[in-house]
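K.L.:
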Amino acid sequence: FPLGPEEKDEGQTINLVETYLQNFYNLQIDHQPRVRHGGKNHLVEKLKEMQEFFGLEVTGKPDLETLEIMNKPRCGVPDVQQ
Amino acid sequence: YVFTPGNPKWKRNNLTYRIVNYTRKMRQTDVDEAIQKALNVWSSVAPLTFQKTEDKDADIVISFAYRDHQDNSPFDGPNGQLAHAFQPGEGIGGDVHLDEEEAWSKDGRGYNLFIVLAHELGHSLGLSHSDDPGALMYPTYAYTDPNEFILPQDDIDGIQAIYGQINAAVQPTGPKTPQACDPNLTFDAITTLRGELIFFKGRYMLRKHPERAETELNFISLFWPKLPSGIQAAYENIEKDEVLLFKEDMTVPHGYPKPIHRLGFPKTVKRVNAAYSDETTGKTYFFVADRYWRYDENKKSMDQGYPRKIVHDFGKIGRVDAAFQTDGYVYFFHGTTQFQFDPRSKRIVSQRKSISWFNC
């Protein structure tokens, strides 16, 4: 098995996930401090949407398989479009 | 397949395209060939024609670009995003942009320009990303030998849902992506590989690691770009840490193919259906139609007294599609049926579905 992401920089992983979901799953991030509304975490929702699209186990967490897909070269057109 | 939201489509079927510039990574003639081939992928299954033009407002404008190229979607350098395209429409609509910083190629090295272009043209014609891992419109890059490329059924269904079928008595069809838990799934060949099981089907391989619950589906070319699809037989020689693959009329790297007759088959034998190797005895069994041969890996020659009838020594298992040995049992696959054979008692000890290994 390849080494898990925990050996990598946590920040690098979060940056990869956020950028990927912004580029291809329409995640809106405005970096403003914001009180959480009703517990809805958009990033987790979008991550689940991406995992469902790729037929991965829908965990809402950036697990190994999810990161493998995110590191794959791909088309720049978003997977979900407005 | 998925339509682009709003179902955009071209109002004409006779479209025009223009090539703005060329990548420096390939010869211009190879780029032209890749573009032509990519356009043919779609024109051969839908009533569409593509006419090359130098006209500024061609329907589809193809260009190679760097980083920020004024379309609000900057490229990201090597790897990552390889290209993008715009849905049908005026102006930038239909245009294809390719990242000039990618290692474009006409074969399995770097990124194959034909494969990426064919995918982007799907967007230019109104398709969005498909979640079928075998589809051309699947978002991640997967190399397939352009000479073997056949547009998958999912993509044919998608483009024909937008533009209709071609005017032909027989409609084109394409490969369907195998589903591990499809009860009708049959296999071309199966082999062990360092403790894993590899099931070959068309241009796919299903990979089952004993420690992982799920089954991985990949293109054969993901691991072995030079291997053809449609592997017919395979077995692992554990002693030599080697997996041998058999296919009639193979074209593979230097030193291969080796004619199967060097193993001792008579000239009348043209292909091998299945094979497995018994690690303990050093004997390899080859199954051809209703007979089998036994090869001695140590002596490197066929044993005397073969071929023999399969039914005589293995029972009523019919023609063998695929076979492998693990945990002392031999598993024979015939269509959607799998027979578990005990070589010690020389009896079939159980019969089950072909997909029993996939935890369905």
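One line per chain: the protein sequences are H and S, in this order. Taking this note's numbering, I'd label the letters of the first sequence as residues 21 to 102. Taking this note's numbering, I'd label the letters of the second sequence as residues 261 to 620. Where is the CB? At the ideal position from N, CA and C, for every residue including glycine.
1) Does the contact criterion of 3 or more C-beta pairs under 8 Å hold for the stretch 88-96 of chain H versus the stretch 390-402 of chain S?
2) Taking 8 Å as the CB-CB cut-off, is Lys92(H) touching chain S?
3) For the alpha helix (DSSP H) holding Asn40(H), just list the boundary residues, first then last.
4) Chain S beta carbons: is any one of them nearer than 8 Å to that of Gly31(H)?
5) When the cut-off is 8 Å and only beta carbons count, does Tyr360(S) lie next to chain H?
6) Does Asp501(S) have its Cβ less than 8 Å from a Cβ in chain H?
7) What does DSSP give as the partner residue(s) for Phe593(S) in the beta ladder?
8) DSSP three-state label for Asn300(S), please.
9) For Arg287(S), count neighbouring Cβ atoms within 10 angstroms of its own Cβ and tell me buried if that reaches 16, exposed if not.
10) Whose C-beta lies closer than 7 Å to the C-beta of Pro307(S) among residues of the same chain, with five residues either side of it excluded?
11) So the candidates are Gly524(S), Lys518(S), Asp550(S), Arg522(S); which of them puts its Cα closest to the Cα of Asn533(S)?
12) What's the call for Glu408(S), buried or exposed, on a 16-neighbour Cβ count within 10 Å?
13) Report buried or exposed for Asp392(S), applying the criterion of at least 16 other Cβ atoms within 10 angstroms of its Cβ.
14) To the nearest angstrom, how far is it from the Cα of Thr541(S) to the Cα of Ile498(S)?
15) Taking only the alpha-carbon atoms, compute the straight-line gap between Thr264(S) and Asp405(S) and give it to the nearest angstrom.
16) Going along chain H, which residues have a C-beta under 7 Å from Ala294(S)?
17) What runs of the beta strand (DSSP E), each 3 residues or longer, lie entirely inside the stretch 406-471 of chain S?
18) Comparing C-alpha positions only, which one of Pro485(S), Asn619(S), Glu557(S) sits nearest to Asp501(S)?
19) Per DSSP, what kind of secondary structure is Phe263(S) in: helix, strand or coil?
20) Should Asp315(S) go down as buried or exposed, given a rule of 16 or more other Cβ atoms within 10 Å for buried?
21) Any contact of the stretch 434-452 of chain S with the stretch 269-283 of chain S, i.e. 3+ C-beta pairs under 8 Å?
22) Taking Cβ positions only, does Ile89(H) come closer than 8 Å to chain S?
23) Which class does Met90(H) belong to by DSSP, given the choice of helix, strand or coil?
24) Look up Thr528(S) in the DSSP assignment and say whether it is helix, strand or coil.
25) My output table needs one value for Ile491(S): the three-state DSSP class, helix, strand or coil.
P.N.:
For this structure:
1) Yes, the stretch 88-96 of chain H touches the stretch 390-402 of chain S.
2) Lys92(H) counts as touching chain S.
3) Note that residue 40(H) is Tyr in the sequence shown, not Asn. In the DSSP annotation of this structure, the continuous segment of the alpha helix (DSSP H) that includes Tyr40(H) starts and ends at 30-45.
4) Taking Cβ atoms only, chain S never reaches closer than 8 Å to Gly31(H), which makes this a no.
5) The sequence shown places Glu at residue 360(S), rather than the Tyr named in the question. Glu360(S) does not count as touching chain H.
6) With a threshold of 8 Å between beta carbons, Asp501(S) makes no contact with chain H.
7) Ala582(S), Gln598(S).
8) DSSP, reduced to helix, strand and coil, places Asn300(S) within a helical segment of the structure shown.
9) With fewer than 16 other Cβ atoms from the protein chains shown falling within 10 Å of its own Cβ, Arg287(S) counts as exposed.
10) Its chain contains Asn273, Tyr423, Gly424, Ile426, Asn427 as the residues whose beta carbon lies nearer than 7 Å to that of Pro307(S), once the 5 sequence neighbours on both sides are disregarded; these appear in chain order.
11) When each option's Cα is compared against that of Asn533(S), the closest is Asp550(S).
12) By the 10 Å Cβ count, Glu408(S) comes out exposed.
13) Under a 10 Å Cβ-count criterion, Asp392(S) is classified as buried, with 16 or more other Cβ atoms of the shown protein chains found around its own Cβ.
14) Cα to Cα, the separation comes out at about 12 Å.
15) As the crow flies, the alpha-carbon of Thr264(S) is around 28 Å from that of Asp405(S).
16) The contacting residues do not exist; Ala294(S) stays about 16 Å from chain H at best.
17) Those beta strand (DSSP E) runs which fall completely within the stretch 406-471 of chain S and span 3+ residues are 449-453, 456-461, 464-468.
18) Glu557(S) is the residue among Pro485(S), Asn619(S), Glu557(S) whose C-alpha sits nearest the C-alpha of Asp501(S).
19) Note: Phe263(S) maps to strand in three-state DSSP.
20) So Asp315(S) ends up on the exposed side.
21) The answer is no - the stretch 269-283 of chain S does not touch the stretch 434-452 of chain S, with fewer than three Cβ pairs under 8 Å.
22) Chain S contact via Cβ: present.
23) Helix, per DSSP.
24) Secondary structure of Thr528(S) (DSSP, three-state): coil.
25) Of the three classes helix, strand and coil, the one that applies to Ile491(S) here is coil, per DSSP.
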